[in-house]
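So the structure is just underneath, and the comments pick up after that.
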Amino acid sequence: MHKYMIKDISYAYNAYTHCPFCGLQCGIEIIQTGKEFEIKPRNFPTNKGQICAKGWNAGTLINHPDRLLNPLIRFDKKEGFKISSWNTAIDLCAKKLSRIRAQWGNDSIFVYGSGSLSNEKAYLLGKFARIVLGTASIDYNGRYCMSSASKALEMALGIDRGLSFPIESIAQTDLLIVVGANPLETMPPLKSHIEELKKRGKIWVVIDPRFTLTAQHADIHLKIKPGSDHILANGLLWLLVHQNKIDWSYIRNNTTGFEEVLNNLYSFWPSQVEALTGISQDLLQKTAELLGSHSNIIILTGRGCEQQAHGVANVLSYINLSLALGLIGKPYCGFGTLTGQGNGQGAREMGLKSNQLPGCRSNWDFKDRNFIAKLWQIDQETLPLPGNTITEAIENSGKNGSIKAMIVMGANPLISSAHNSRLKALFSSLEFLVVCDSFLSETAAVADMVLPSALWAEETATVTNLEGRILLRPKILAAPTNVKTDLEIIHLLAEKLGFAQGFPPDPYSIFEEIRRATAGAPADYYGITYSRLAHGEELYWPCPSLLSQGQKELFLSKHFPTETGKARFYPVALQPLVEEPDSKYPFFLTTGRTLYHYQTAVQTRRLPKLHQKEPTPFIEMHASVGRQLGIKEGHYVKVETRRGVGYYKAKFSSKQRLDTLFVPFYPHEKAEANSLTLPNFDPLSYMPSFKLCAARIEAVSEPQQQFDNKKKDKQ
Ligand SMILES: Nc1nc2c(c(=O)[nH]1)N[C@H]1C(S)=C(S)[C@@H](COP(=O)(O)OP(=O)(O)OC[C@H]3O[C@@H](n4cnc5c(=O)[nH]c(N)nc54)[C@H](O)[C@@H]3O)O[C@H]1N2
Ligand SMILES: Nc1nc2c(c(=O)[nH]1)N[C@H]1C(S)=C(S)[C@@H](COP(=O)(O)OP(=O)(O)OC[C@H]3O[C@@H](n4cnc5c(=O)[nH]c(N)nc54)[C@H](O)[C@@H]3O)O[C@H]1N2
Ligand code: SF4
Ligand SMILES: [Mo]
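Counting in this note's numbering, the sequence shown tops out at residue 719, every number present.
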């Protein structure tokens, strides 16, 4: 029995909820027939009655035979897991953490969270790390996802919200520019919004080195050279300035720093930009004309331009373009980034980054620290200051090996970390690794302890979608007997480590604390309550009072929460590439996603209907490149970079760049994209260069079957 009263709506009135996967958070309904759970789309503004293949199949995970049903402990590194009771597991975990902390110091324990975690979990995990463990070492997988966009948004607009306008604005704008995103595969229901835009006779442009499904549907495709987005954005601004198509009055009244941007533009003249981006001067001119002749424009970025060693610079250059055209704060206009994970937006607001406290409060700011310390009833001095990001922890692991234990909740860093041989080295130096997951991910498989977590339908939670809209996902089913929610796990651990108060296992109490913790902060949730959400109110942050619905459109008043109240331009100089193709490694290799698998595919690989569609990762290349190298479509290709080798089936594409190859990053036998990627990262956001490195390919002469069906995971 819980000591806390569960004021939560313990079971939903109906089975209406949201998809567990991406940031679009499509509205769904779960229907139970016997032991089967069927998912149906429902009408919700982000998905308009549509869902993608991942959403349709998510119900199969609930009673999946691979679900983790008991705690697992590896008592000896050389041995396999043994099933354990919760008492033994929590006891051992607490003892290990206490011993490591006493021996190596608080910061030797790294807490690694996730944008898959609900607001309540992200908040409680952040509080647990800082109060119970007292560690400054806390980060989350959004470091690999949203960090470049977050940083650029904070710098330029003073606030980190992915979209500052509702998703429906996409249908109502007159020109849509999609940069380095492939939403027709990664957020398929977004297509319905774009179709509405098309029905109104409007235009959309896609900027991507590959001829993706998204690019195939667009009116114009700019086949950009990988890594050169900031050059393109600067080049477009150069043309718009020269043709006097920028909004001088908006710039004068609402921004600072444009002069520096102008001074920096001189080296981005059209022929130079053509040479550096691969976009012809004609197409550049045509795109600039479109930008100059429309007043309602939305520019959206995705991971393509953000996951670069100069990702922040790329995003800033598109924000510059948006500000110069006066788009930000005008209805049906604006700049936005497409937040990837289900709660990628909320998790970063709740304090999973070491430099950020709940509500996007700054962990450097005395007043913010004081506010949170008071709420948490601790002395401000004991609240850890910002520590290392996961990128830095990996970078430093070889040098001082200061991380000795790691708690992973909702991520699979062994597969998702760039140049992952270094993460493997970090793991091998750990004295204790504990992973909370519902399935045995690759990271869980090498852990010392695995704690089985409930699935999304088995717990009540809130998430914040890509629009900054807060959603309630009610508990619909009971979890299997010996499975606990992540909140219960944190609660039990905190209690065992001496914190009987302050870590309740029920989401309602935690959300009530989130309301207080974020009151008056940039991401203010004070006015949001479970009851308002359960009654279907449409609520966005900041929502400072119970009478407010929050801000659906963030900047309509043209007030930007920066020091001057104005948006800031940042000049973006030419950024060198971290690895250029050369005679030995003549191609760009970029990595990303495909329609049927979600992230590292821990869950989607176990869904037969998805797995059958794409059982192995492929390498996409221009058909003529493949033919020239004697590669046959569907046959294996050896892919090599300076860091590693992988084997992928060849897939030919007709219109992508000749110099660019693509592989998805979910793993397979002898195919791990992150054994190929670079260790380099953005100095401002610590985002790795997932989207760019140099590679070579060759046809494989060995029998083709040798790479098939070897994956040991149950499929
Ligand atoms: N099916 C599916 N959907 C998902 C996910 C999934 O794993 N699978 N994951 C979710 C998450 S967490 C995220 S972050 C989102 C990501 O969603 P997206 O950003 O749409 O996906 P990516 O495939 O990572 O990258 C998008 C595109 O960037 C292009 N690109 C590569 N380099 C460059 C460059 O230098 N410039 C430009 N302009 N483009 C470049 C790639 O060719 C690719 O088509 O998807 C979410 N939705
Ligand atoms: N090469 C390359 N690498 C990349 C990228 C790329 O484009 N290219 N993209 C990056 C991006 S954008 C992202 S977001 C990351 C994703 O990287 P990760 O987050 O490391 O990968 P996921 O597959 O999402 O792992 C999530 C794990 O958490 C579990 N899980 C899901 N929900 C919960 C929950 O509520 N509680 C618990 N306890 N567990 C849960 C799932 O079962 C799964 O095992 O990868 C990054 N890595
Ligand atoms: S688009 Fe995203 S939220 Fe919608 S069904 Fe697919 S994975 Fe789920
Ligand atoms: Mo992501």
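In this text, a Cβ means the ideal position worked out from N, Cα and C, and glycines have one as well.
For residue 159, the three-state DSSP class (helix, strand or coil): helix
Would you identify the three-state DSSP class for residue 19, choosing helix, strand or coil? coil
Using alpha carbons as the reference points, say which of 654, 110, 499 and 492 lies closest to residue 124. 492
Separation of residue 144 from residue 416, as counted between CA atoms: 11 Å
So does residue 149 have its beta carbon nearer than 6 Å to some heavy atom of ligand 4? yes
Segment limits, beta strand (DSSP E) that includes residue 697: 697-703
Taking 6 Å as the cut-off, does the CB of residue 607 come closer than this to any heavy atom belonging to ligand 4? False, no ligand heavy atom lies under 6 Å from that Cβ.
Within 10 angstroms of the Cβ of residue 539, are there 16 or more other Cβ atoms? Answer buried if so, exposed if not. exposed
In the DSSP output, what is residue 409 paired with across the bridge? 113 and 436
Please state the DSSP three-state secondary structure of residue 494. helix
Does DSSP put residue 532 in a helix, a strand or coil? coil
Under three-state DSSP, which class holds residue 574? coil
DSSP-derived helix/strand/coil call for residue 41: strand
When every heavy atom of ligand 2 is checked, does at least one fall within less than 6 Å of the C-beta of residue 595? yes
In whole angstroms, give me the CA-to-CA distance for residue 113 and residue 390. 14 Å
Going by the C-beta, is residue 55 closer than 6 Å to any heavy atom of ligand 3? At least one heavy atom of ligand 3 is nearer than 6 Å to the Cβ of residue 55, so yes.
Exposed unless 16 or more other CB atoms sit within 10 angstroms - verdict on residue 485: exposed
Between which two residues does the alpha helix (DSSP H) carrying residue 322 extend? 315-328
Just checking my contact of residue 301 with residue 178 at CB under 8 Å: how many whole Å lie between their CB atoms? Confirmed, Cβ separation roughly 7 Å.
Following a CB-centred definition, is residue 358 positioned closer than 6 Å to any heavy atom of ligand 2? Every heavy atom of ligand 2 is 6 Å or more from the Cβ of residue 358, so no.
By alpha-carbon positions, which one of 648, 630, 88 and 661 ends up nearest to residue 655? 630
For residue 478 and residue 21, believed in contact at Cβ under 8 Å, the rounded distance: 6 Å
Cβ shell of residue 191 (< 7 Å), same chain only, five flanking positions each side left out: Within the same chain, 26, 28 and 342 come within 7 Å of residue 191 by CB-CB distance, once the 5 residues on both sides are set aside.
Run through DSSP, which three-state label would residue 636 get? Taken through DSSP and simplified to helix, strand or coil, residue 636 comes out as coil.
Just how far apart, CA to CA, sit residue 19 and residue 653? 41 Å
Let me confirm a value: residue 545 is counted as buried when at least 16 other C-beta atoms fall within 10 Å, else exposed. Which label applies? buried
Can you pull the DSSP bridge partners for residue 594? 666
Take the Cβ of residue 370 as the centre, count every other Cβ of all protein chains shown within 10 Å, and call the residue buried at 16 or more, exposed below. exposed
Excluding the 5 residues flanking residue 73 on each side, which residues of the same chain have their C-beta closer than 7 Å to its C-beta? 456, 484, 486 and 487
Between the CA atoms of residue 674 and residue 433 - distance to the nearest angstrom: 24 Å
Please determine, among 615, 425 and 625, the residue with the shortest C-alpha to C-alpha distance to residue 591. For residue 591, the closest alpha carbon among the candidates 615, 425 and 625 is that of 625.
Using 10 angstroms around the beta-carbon of residue 577, count the other beta-carbons present and answer buried if the total reaches 16, otherwise exposed. exposed
In three-state DSSP terms, what is residue 242? helix
Is residue 30 near ligand 3, with its Cβ less than 6 Å from a heavy atom? yes
Find the nearest neighbour of residue 724 within the set 413, 208 and 242, judged by alpha-carbon distance. Since the first residue shown for the chain is 5 and the last is 719, residue 724 is missing from the structure and cannot be characterised.
Would you mind sorting residue 80 into buried or exposed? The rule is 16 or more other CB atoms within 10 Å of its CB. exposed
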